[in-house]
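Using mature numbering (1 follows the signal peptide of the UniProt record, and there is no 0), the letters of the sequence shown correspond one by one to residues -28 to -1, 1 to 473.
Notes to accompany the following structure.
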Amino acid sequence: MRPFKKIAGIAMSLALTAAMILPAGVRAEDTATDAPKIVISVGDEQKTPEFKADETKDLEISLKNQGIADAVKVRIAPVIEDANTWPFVVEDMNYERTVETITAGNEVMVKWEGLAVRPEVESKYYKLPFKITYEDGEGKQFQLDRYVFVKAVAADKPEEKPEEPKPEENGEPEGGEAGFSNSDPVVSGGGGGSESGKDAVPRVIVTGFNTDPGAVNAGSDFKLIIHLKNTSTKTAVSNMLFDLQAPSSGTEAAAEAPAFLPSSGSSSIYLDYIPAGGTQDISIALNARADLVQKPYSIAMTMKYEDSNATQYESSSSLAIPVKQAARFEFSELEIAPEAVAVGEEANITCSLYNTGRIKLYNVKAKFQGDGIEGKDVFVGNVDSGATGSIDGIVTATQEMAPDQKCKMIVSYEDESGKASTVEKEFSLTITPEQAPMDMSQMVDMPAEKGFPVLPVVIGAVVVVAAIVILIIVLKRRKKKKESVEEEDLLDEVDRFTEDE
């Protein structure tokens, strides 16, 4: 009897194990079936809404079902982890919105009414994360994490009226261009007198000037060439001495230094002779100070000369030389949020532009280019010298892109003369394939991994063991029955034998 009990116990254990495995196999097979094709997109073809500080405005977001099955019990709620990253005043305990059904191919608008914009918002794009849950009509629940961007505009600050710059000594030509002026000569002494008449007084004037190179940049050397003419038709002039003096200018720390310094150390020029009615050129090598602002600077030139009777004359002229400042600026590190996006999602790119030069940058604009992105131009405006401009743009991922592929930000600007220039800065953005929605039902019942077919083997083993057990039971019953019959026959024989006696 003991072997029979052991075999029966083993058979019962195997049968129980098979019963436990069989339902699990059925659940795994059910879960492995294809999930309903529901694709929920957020904010498709919507323009980025703009919210101004202290105003109250509605926020509308579109939800579109791009799949082939209906989405039911759709719920969308903002994820507010930090109130400082949320541009609106948090007034309600719950901002969740519910949509009963979004049929396949259709779109619904979800509205948050009367959102009050915080008065201290900055002028930038704010990323608003949302959590979306929905069901497929068969009891399965799905969850999505999506985000949209809104543009906030800070409150206007009162503009400070800049102080009017003090005019340089001798002034500067109107319109900020090059120019010159002349004064009448006066007799300073010497000689035995001159011929009577107006034409007898020789007058030397400046008829113009040019520089080599043509544009004088702050901090550079240049050659100043001055064109002279003796206006007298009868009297020649000689023994001419010219002295050039630039007024003090520049930054406050170096305001006592002249705007232009002679490269040779001397500001005087000597010219031997100009005939009556004749012309001559004089030149001097100068250096423009590096800290000069972009505008014309005047140079006062005094002249001393004599006529044929050794009569000495003095005169003066003034020249205005425009100085150019090269644009100099730097970018901060680009901040990309998030650093990796899926196709169809948006990323926010921000950085600061520091105008480290001495000229104002006009009409500053930025745009983003790359094989897998597209975005609108960002207009920054004018950036004063020493000021900071903010670049805040949105790009949309259009196709998959590897991390080693580079995108670029192109910044364009104009100087005071309207000359346009551009500069580029590269950045990286990882773009992954479009994400499928998360099936929350699969988080509970995970499908079994495919491998060795355990279930059929176990079932086969149970069947074989059960057959063996049944066979043993039948044989034992037959044996027992046979022994019982033999015992009864023996008893009958004994009874008959007893009766015969």
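Using N, Cα and C, we set each Cβ at its ideal position, and we do this for glycine too.
{"Query": "I need the straight-line Cα distance from A262 to L243, nearest angstrom please.", "Result": "31 Å"}
{"Query": "Using the C-alpha atoms, what's the distance from V441 back to E455?", "Result": "21 Å"}
{"Query": "Mapping DSSP to helix, strand and coil, what is K454?", "Result": "helix"}
{"Query": "Within this structure, are the beta carbons of F399 and V355 separated by less than 9 Å?", "Result": "no"}
{"Query": "What would DSSP say about L213, mapped onto helix, strand or coil?", "Result": "strand"}
{"Query": "Thinking C-beta only, is T360 closer than 9 Å to I293?", "Result": "no"}
{"Query": "Am I right that S270 and P219 are in contact with their C-beta atoms under 8 Å? What's the rounded C-beta distance?", "Result": "6 Å"}
{"Query": "Please name the residue in K397, I403, I33, G390 whose C-alpha comes closest to that of D376.", "Result": "I403"}
{"Query": "Around the Cβ of G191, are there at least 16 other Cβ atoms within 10 angstroms (buried) or fewer (exposed)?", "Result": "exposed"}
{"Query": "In chain order, what residues of the same chain have a beta carbon less than 7 Å from the beta carbon of T5, not counting five sequence neighbours either side?", "Result": "Summary for T5: the model assigns pLDDT 40, below 50, so the residue's position carries little reliability, and this model does not support an answer."}
{"Query": "If you compare alpha carbons, which of S153, K378, P310, V383 is closest to S288?", "Result": "S153"}
{"Query": "Taking its Cβ as the centre, do 16 or more other Cβ atoms sit within 10 Å of K453, making it buried, or is it exposed?", "Result": "exposed"}
{"Query": "From the DSSP output, in three-state form, read off K138 for me.", "Result": "Unreliable positioning characterises K138 in this predicted model, as indicated by a pLDDT of 41, which lies under 50. The coordinate reading is nonetheless provided below. Here K138 sits in coil by DSSP."}
{"Query": "Quick check on S204: buried or exposed, where buried means 16 or more other Cβ atoms within 10 Å of its Cβ?", "Result": "buried"}
{"Query": "Per DSSP, which residues does T274 bridge with? Please list them.", "Result": "D215, S288"}
{"Query": "Based on the DSSP secondary-structure assignment, which residues constitute the bridge partners of G347?", "Result": "V367"}
{"Query": "Determine whether the beta carbon atoms of residue 481 and T70 lie at a separation below 9 Å.", "Result": "Because residue 481 is not part of the residues shown, which for the chain are -28 to 473, the question remains open."}
{"Query": "Below 9 Å between beta carbons: does that hold for G316 and S13?", "Result": "yes"}
{"Query": "Per DSSP, which one or two residues make a beta bridge with A392?", "Result": "E386"}
{"Query": "Might you give, ordered along the chain, the residues of its own chain that have their beta carbon closer than 6 Å to the beta carbon of V11, omitting 5 neighbours on each side?", "Result": "Q38, G39"}
{"Query": "If you check the beta carbons only, do L200 and V178 fall under 9 Å apart?", "Result": "yes"}
{"Query": "Ordered along the chain, which non-local residues of its own chain (more than five positions away) have a Cβ less than 7 Å from that of R118?", "Result": "V14, F102, I104"}
{"Query": "Since L401 and I363 are thought to touch, with beta carbons under 8 Å apart, how far apart are those beta carbons, to the nearest angstrom?", "Result": "Actually they are not in contact, since the Cβ atoms of L401 and I363 sit about 15 Å apart, beyond 8 Å."}
{"Query": "What do you get for P405, buried or exposed, if any count of 16 or more other CB atoms within 10 angstroms of its CB means buried?", "Result": "exposed"}
{"Query": "Who are the Cβ neighbours of S357 in its own chain at under 7 Å, not counting the five residues just before and after it?", "Result": "N327, G329, R330, I331, K332"}
{"Query": "Under the three-state reduction of DSSP, which class applies to N154: helix, strand or coil?", "Result": "strand"}
{"Query": "Alpha carbons only, please: which of L116, E92, T28 is nearest the one belonging to G86?", "Result": "T28"}
{"Query": "Could you tell me if I445 is buried or exposed, where buried requires 16 or more neighbouring beta carbons within 10 angstroms of its beta carbon?", "Result": "exposed"}
{"Query": "May I ask you to list the residues that DSSP assigns as paired with K378?", "Result": "S400"}
{"Query": "Residues bridged to W84 by DSSP?", "Result": "L31"}
{"Query": "On the CB-based measure, 16 or more other CB atoms within 10 Å of its CB, does Q297 come out buried or exposed?", "Result": "buried"}
{"Query": "At the level of alpha carbons, what is the spacing between D30 and V295?", "Result": "52 Å"}
{"Query": "Is it true that the CB of A208 sits closer than 9 Å to the CB of I241?", "Result": "no"}
{"Query": "Nearest to T274 by CA position, among F340, V158, L100, S280, is which residue?", "Result": "V158"}
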